[in-house]
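Numbering (the UniProt record's numbering), first residue to last: 1 to 88.
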């Protein structure tokens, strides 16, 4: 298969990012979470600063909740619910 044939074959299909997005959700996010957990343990756990670790952990949990809402698409529903509290 020549390069031109390969390019024509690939050009016939639709370009999607779903595979990349799913790969990131499956691989990168767990690795980042593991790195954050190890960093929190290393920074605060070794010094006995358990309160500082818990404060940072609360921030991480809030950030994960925001990421979860953004990835799942439920952020729109939450926004409508909050708007409904003010508009009735």
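Heads up, the beta-carbon is just placed ideally off N, CA and C, and yes, glycines get one too.
7 Å or more divides the Cβ of residue 71 from the Cβ of residue 36. Counted as a single uninterrupted DSSP element, the alpha helix (DSSP H) harbouring residue 29 occupies residues 29-40. Residue state for residue 73 is assigned as coil, using DSSP reduced to three classes. Taking the CA atoms as reference points, residue 12 sits about 11 Å from residue 5.
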